[in-house]
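Asker:
2 protein chains.
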Amino acid sequence: MSNEDFNKRLFKYFDDHQKDYIQRLGDAVRIPSVSAWPDHRSEVVRMVEWTKSLMEKLGVKVELADIGQQKLADGTKIKLPDVILGTYGNDKTKKNVLVYGHLDVQPAQVSDGWDTEPFVLTEKHGKLFGRGSTDDKGPVISWLNVIEAYQTLNEPFPVNVKFVLESMEEYGSDGLEDLLKSLKNTFLSDVDYVVISDSYWLGKEKPCLQYGLRGICYFFIDVESSTKDLHSGVFGGTVHEAMTDLITIMSTLVDDQGRILINGMYDDVAPLSPAEEQLYSKITFDVSTYCSEAGVKKTIQTEKEKILMHRWRYPSLSLHGIQGAFDGCGCKTVIPRHVIGKFSIRIVPNMKISTVEKLVENHVKQIMKTRNSPNKVSIKLEHGGNYWVADPNNPQYVAARKATVAVHGIEPDLTREGGSIPITLTFQEQTGKSVLLLPVGASDDGAHSQNEKFDISNYMNGMKVMSVYFQEVAKL
Amino acid sequence: MSNEDFNKRLFKYFDDHQKDYIQRLGDAVRIPSVSAWPDHRSEVVRMVEWTKSLMEKLGVKVELADIGQQKLADGTKIKLPDVILGTYGNDKTKKNVLVYGHLDVQPAQVSDGWDTEPFVLTEKHGKLFGRGSTDDKGPVISWLNVIEAYQTLNEPFPVNVKFVLESMEEYGSDGLEDLLKSLKNTFLSDVDYVVISDSYWLGKEKPCLQYGLRGICYFFIDVESSTKDLHSGVFGGTVHEAMTDLITIMSTLVDDQGRILINGMYDDVAPLSPAEEQLYSKITFDVSTYCSEAGVKKTIQTEKEKILMHRWRYPSLSLHGIQGAFDGCGCKTVIPRHVIGKFSIRIVPNMKISTVEKLVENHVKQIMKTRNSPNKVSIKLEHGGNYWVADPNNPQYVAARKATVAVHGIEPDLTREGGSIPITLTFQEQTGKSVLLLPVGASDDGAHSQNEKFDISNYMNGMKVMSVYFQEVAKL
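Residue numbers (UniProt numbering), protein chains in the order written: chain E, 1 to 476; chain G, 1 to 476.
(1) At least one CB of chain G closer than 8 Å to the CB of E:LYS380: is that the case?
(2) DSSP state of G:TRP143, grouped into three classes?
(3) What are the boundary residues of the beta strand (DSSP E) that includes G:GLU123?
(4) Can a CB atom of chain E be found closer than 8 Å to the CB of G:ALA442?
(5) Note down, in chain order, each residue of its chain lying with its Cβ closer than 6 Å to the Cβ of E:GLU43, except the 5 sequence neighbours on either side.
(6) Applying the 10 Å Cβ sphere with the 16-neighbour rule, what's the burial state of E:ASN386?
(7) Could you check whether the Cβ of E:PHE285 sits closer than 8 Å to any Cβ belonging to chain G?
(8) Around the Cβ of G:GLY330, are there at least 16 other Cβ atoms within 10 angstroms (buried) or fewer (exposed)?
(9) Locate the beta strand (DSSP E) running through G:HIS408, then write down its first and last residues.
(10) Starting from the beta carbon of E:ASP256, find every residue of chain G whose beta carbon is closer than 8 Å, and list them in chain order.
(11) Give a yes or no on whether the minimum CB-CB distance between G:TYR314 and chain E is below 8 Å.
(12) Quick one: which unbroken beta strand (DSSP E) runs of 3-plus residues sit fully inside the UniProt domain "Peptidase M20 dimerisation" (211 to 369) of chain E? Chain order, please.
(13) Please go through the stretch 422 to 451 of chain E and give each complete alpha helix (DSSP H) segment of 4 or more residues, from N-terminal end onward.
(14) Quick one: grab the DSSP three-state call for E:THR134.
(15) G:LEU153 to G:LEU10, Cα distance in whole Å?
(16) Take E:MET351 and list the residues in its own chain whose beta-carbon comes closer than 6 Å to its own, dropping the five residues that flank it on each side.
(17) Do E:ILE335 and E:GLU224 count as a contact pair if the criterion is CB distance below 8 Å?
(18) Using a Cβ-Cβ cutoff of 7 Å, what residues of the stretch 320 to 332 of chain G are near chain E? List them in chain order.
(19) Could you tell me whether any Cβ in chain E is nearer than 8 Å to the Cβ of G:ARG346?
(20) Output yes if chain G places a C-beta closer than 8 Å to the C-beta of residue 548 of chain E; else output no.
(21) When you compare the CB of G:SER225 with every CB in chain E, is at least one pair closer than 8 Å?
(22) Leaving out the 5 sequence neighbours to the left and right, which residues in its chain are closer than 7 Å to G:GLU170 when beta-carbon positions are compared?
(23) Are there three or more Cβ pairs, one per stretch, closer than 8 Å when the stretch 411 to 421 of chain G is compared with the stretch 304 to 312 of chain G?
(24) Can you give the Cα-Cα distance for E:TYR459 and E:TYR469, rounded to whole angstroms?
(25) Let's see if you can read the secondary structure: which residues bound the beta strand (DSSP E) around G:GLY172?
(26) Please report the residue range of the beta strand (DSSP E) in which E:ILE22 lies.
(27) Chain E beta carbons: is any one of them nearer than 8 Å to that of G:PRO336?
(28) Determine, for E:HIS310, whether the minimum Cβ-Cβ distance to residues of chain G falls below 8 Å.
(29) If you measure beta-carbon to beta-carbon, which residues of the stretch 203 to 233 of chain G are closer than 8 Å to chain E?
(30) Quick check on this structure: which residue in G:LYS61, G:VAL29 and G:ALA400 has the alpha carbon closest to the alpha carbon of G:ASP136?
(31) For a test of the three-state rule: what should DSSP assign to residue 508 of chain G, helix, strand or coil?
(32) For a contact defined as C-beta to C-beta under 8 Å, what are the partners of E:ALA390 on chain G?
(33) Could you give the C-beta distance for E:LYS297 and E:CYS291, rounded to a whole number, given that I count them as a contact under 8 Å?
(34) If you pair each beta-carbon of the stretch 393 to 410 of chain E with each one of the stretch 220 to 237 of chain E, do three or more pairs fall below 8 Å?
(35) Could you give the first and the last residue of the continuous alpha helix (DSSP H) run that contains G:GLU472?
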């Protein structure tokens, strides 16, 4: 039977079983596996068990990997939920595709402003509302539904699949990086491709593949002026205030057009090649929709291409706030003794974290040299995460593009994300293989918001794309 | 009997009754009249009753003035404590001296770090520890002790005394200004002098009289960029961030030497006359003690005179903080949608609040003109309070200086305060007469801190100074 004939049967099978798929997703959403709530840890474990049981029913060999304990704010420790390592098929002649996903969800309660019970999957106008519906229970279950469909239709699966399903993603993926490093020469050693469906289309209509993420360097500027907070009436005018130094430093970092003012910060930014530039013009992206999503009247750039480039392929600097200063309502006449200014730089190819750190350090030192202040000023890279970028013309991407065309009838946009998904880079480093970000949800799914939803059409089409993607990868 | 002879008897009487005075202060401290705690309002009322009863025992005619209700944060209302209006003597040939003081205290609990029970007056090494001991129960009781001593010694009192004793001072003197305005043509109409003992010496050893207070203009800079907080990964680099505008504006307000950078801000500052300059050199003030009190290694100015002038007679600008930005621990990659920067300017003779407001408005407008930003920026004078300054050579001050010499054997320092006591100005405006700040506590009394105390020597000498002050005022 040709692929095309089989796919007709397969797609019909998916369509015929839509109700079952919705019910399965509903079963998963009903388990409130909120990783940020320690008192819900047993629900997270229940979600792991539920998934394990489904996988085993499908013949996936499952191993639960212990990743240690989580230290809570009050000092007590609780067990981190096990990571599911699944293996489906071990045919040496087939490609090994690793699927990553997560089973935990963001916190949610009706009082946050949900129109429905967040942990009851509710269908309205072709949309499935519920916490975790799109992030990331829907996509994870989709992968498993695909395996099930092949089995029912008695068709050999085109590839071997490995699963890494964690349950702390919404709380920083505690313990996962160490686990992946420890699996480098065992579970991960024979992986050919890694695919992750845990992100979203650029818009609501057109599918995309993502080939890049920005990294981040998060800085703390620490300024200490005295051993105690002072009264501005008594001491104002005679002491070197910490806030004056801090605000001055913070004001020298970025201009009104978003350009970073730190010397040398653009030196390592990859020049824009004509080929890359061409990618942008093809992308479907509506500037006014973007403005209304952000809730702004206008953006810094006006052209679509420029906006996308500044989200994805240029660095940016945001001033987040100040810890230790007066932040309440009303008037308080305090001179804060110790303030910490917080800002971060989104980094892009080919910036190096160590270089960024040095440039920022030098910049702050230079500024302080021009000031006559005895205050203790220090700058610290609190957190650094690298950018990630893939070649959107590499074979795995070509396979996914073909799969998208087969299902949606159009070429997917080739996009990036402005934020970070650190685990992407870890998978690339530990397998040494191509990683593909294959979103199936739409831009308005509201992953971390109230009324998170997953469109039924995206659920159904997602499974179809995943199926053809496996077939195309098998041909490589 | 000459004043000198009587004063010998009077001072001996004070010394002989030290134990009784300490016990009386202990009785007052035992009533936890915390005005900031609504659930303690009955204790505040009890303190009013206790004082009224003591005053009536001494023959002071007492009227309780209702000043209305206080609206709590939850919307409920509770009665404000009555203000005591007392009248002692009505001899038309005598001067009428109005004494202001307050019966409420700052919050206190052992867990704040007190070494003793805050509401049990505890004597250690000549110091009386307890909340309210120096602020302001000690001074208020001192005035009454003086009246009692004259009575016991059967000596006619040199002046008529009026009392205004409020019990909301530590919570913004709610209702008092309106009351004083309503009393302008009645209770206040025949007042000749106003005296307030509710502040502290400049140091621990040398008495002072205070003849000036700075005013304050507290500003909010409000910047709004979008309808929701944004993720810096997704939107950073493409939107005009509110924080960038705010931090830039805040960085243009004051330099590293405390000089205000707003055009015209020094135009109305009274020039320093040689006579005023001379006042500063005489003052006992130790720069290294000041530094250690502030917890700083060095001050902006190095000379004693310059430091005092910048605390008292020059304006200063302090940056207090930002509301609406990220102010917590750790890293949050937020682009805050709406931020409010807070700063205040301490104002001095002859600055006008309305001029200061206009200058700040113009400044912010000028800065924003140089920026290409669509964000909504507004500046608001949230609170304005005028400076106050008296002539330290006016007759009432001369009387208080003579009283200080008579008791302490030295001329008091003539000082100002850098902060504001708004009611001072109200008394001056409503009576049209001289107001004297006559501190009796020492600089290390810790009025609003843990372990507030009142030295027994200050308590005793304070009553002596008060007595001679009345005698000297009677001669004017």
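A virtual CB, placed ideally from N, CA and C, is assigned to each residue, including glycine.
Answerer: Quick answer:
(1) By one-based count along the first sequence, residue 380 of chain E stands at place 380. E:LYS380 does not count as touching chain G.
(2) Residue mapping note: residue 143 of chain G aligns to position 143 of the second sequence, counting from 1. In this structure, G:TRP143 counts as helix in the three-state DSSP scheme.
(3) Within the second sequence, numbered from 1, the residue matching residue 123 of chain G stands at position 123. Note, G:GLU123: beta strand (DSSP E), 122 to 124.
(4) Taking the second sequence and counting its residues from 1, one reaches residue 442 of chain G at position 442. Answer no: the Cβ-Cβ gap between G:ALA442 and chain E never drops below 8 Å.
(5) Here residue 43 of chain E is taken as the residue at index 43 of the first sequence, counted from 1. Counting only residues of its own chain and dropping the five nearest sequence neighbours on each side, E:GLU43 has a CB closer than 6 Å to the CB of ILE31, PRO32 and SER33.
(6) For the purposes of this step, residue 386 of chain E is taken as the residue at position 386 of the first sequence. That one is buried.
(7) Locating residue 285 of chain E in the first sequence gives position 285, where the first residue counts as 1. It does not; no Cβ of chain G falls within 8 Å.
(8) For the purposes of this step, residue 330 of chain G is taken as residue 330 along the second sequence, with counting starting at 1. By the neighbour-count rule (16 or more Cβ atoms within 10 Å), G:GLY330 is not buried but exposed.
(9) Within the second sequence, the letter at position 408 stands for residue 408 of chain G. Element bounds for G:HIS408: not the beta strand (DSSP E) but the alpha helix (DSSP H), 395 to 408.
(10) Walking along the first sequence from the start, residue 256 of chain E turns up at place 256. What E:ASP256 touches in chain G: HIS240, THR244, ASP245, THR248, ARG371, ASN372 and SER373.
(11) Against the second sequence, residue 314 of chain G aligns to sequence position 314. Taking Cβ atoms only, chain E reaches closer than 8 Å to G:TYR314, which makes this a yes.
(12) 215 to 224, 316 to 323 and 338 to 347
(13) Segments of the alpha helix (DSSP H) lying fully in the stretch 422 to 451 of chain E: 422 to 431.
(14) Counted from its first residue, the first sequence places residue 134 of chain E at position 134. DSSP, reduced to helix, strand and coil, places E:THR134 within a helical segment of the structure shown.
(15) To locate residue 153 of chain G, count along the second sequence from 1; it is residue 153. To locate residue 10 of chain G, count along the second sequence from 1; it is residue 10. Their Cα atoms are separated by approximately 8 Å.
(16) Indexing the first sequence from 1 puts residue 351 of chain E at position 351. Result list for E:MET351: ASP268, in chain order.
(17) Here residue 224 of chain E corresponds to residue number 224 of the first sequence, with the count starting at 1. Here residue 335 of chain E corresponds to residue number 335 of the first sequence, with the count starting at 1. Contact flag unset, no.
(18) Those would be HIS320, GLY321, ILE322, GLN323, ALA325, PHE326, ASP327, GLY328, CYS329, CYS331 and LYS332, in chain order.
(19) The residue you call residue 346 of chain G lines up with position 346 of the second sequence. At least one chain E Cβ lies under 8 Å of G:ARG346.
(20) Residue numbering for chain E in the displayed model covers 1 to 476; residue 548 of chain E lies beyond these limits and cannot be assessed.
(21) As a first step, residue 225 of chain G must be located in the second sequence, where it is residue number 225. Yes, contact with chain E.
(22) In the second sequence, residue 170 of chain G corresponds to position 170, counting from 1. Within the same chain, and ignoring the five residues on either side of G:GLU170 in sequence, the residues whose Cβ sits closer than 7 Å to its Cβ are SER35, ALA36, ASP104, VAL105 and GLN106.
(23) yes
(24) For this step, residue 459 of chain E is matched to residue 459 along the first sequence. For this step, residue 469 of chain E is matched to residue 469 along the first sequence. Rounded to the nearest whole angstrom, the CA to CA distance from E:TYR459 to E:TYR469 is 15 Å.
(25) In the second sequence, the residue the question calls residue 172 of chain G occupies position 172. Neither: G:GLY172 is in no beta strand (DSSP E) and is coded neither H nor E.
(26) By 1-based counting over the first sequence, the position of residue 22 of chain E is 22. Looking at the DSSP string, E:ILE22 is not in any beta strand (DSSP E); the run it does join, the alpha helix (DSSP H), is 18 to 29.
(27) As a position in the second sequence, residue 336 of chain G is number 336, starting the count at 1. Residue contact with chain E for G:PRO336: present (Cβ-Cβ distance below 8 Å to some residue of chain E).
(28) Along the first sequence, one-based indexing puts residue 310 of chain E at 310. Yes, contact with chain G.
(29) ARG214, ILE216, TYR218, SER225, SER226, THR227, LYS228, LEU230, HIS231, SER232 and GLY233
(30) As a working note, residue 136 of chain G is residue 136 in the second sequence. Nearest of G:LYS61, G:VAL29 and G:ALA400 to G:ASP136, Cα basis: G:VAL29.
(31) Since the first residue shown for chain G is 1 and the last is 476, residue 508 of chain G is missing from the structure and cannot be characterised.
(32) As a working mapping, residue 390 of chain E is identified with position 390 in the first sequence. Neighbours of E:ALA390 on chain G: none; closest Cβ ~18 Å, over 8 Å.
(33) What you label residue 297 of chain E is simply residue 297 of the first sequence in a count that begins at 1. What you label residue 291 of chain E is simply residue 291 of the first sequence in a count that begins at 1. Yes, they are in contact, since the Cβ atoms of E:LYS297 and E:CYS291 sit about 7 Å apart, within 8 Å.
(34) Short answer: they don't touch.
(35) Within the second sequence, numbered from 1, the residue matching residue 472 of chain G stands at position 472. Per DSSP, G:GLU472 belongs to the alpha helix (DSSP H) from 456 to 475.
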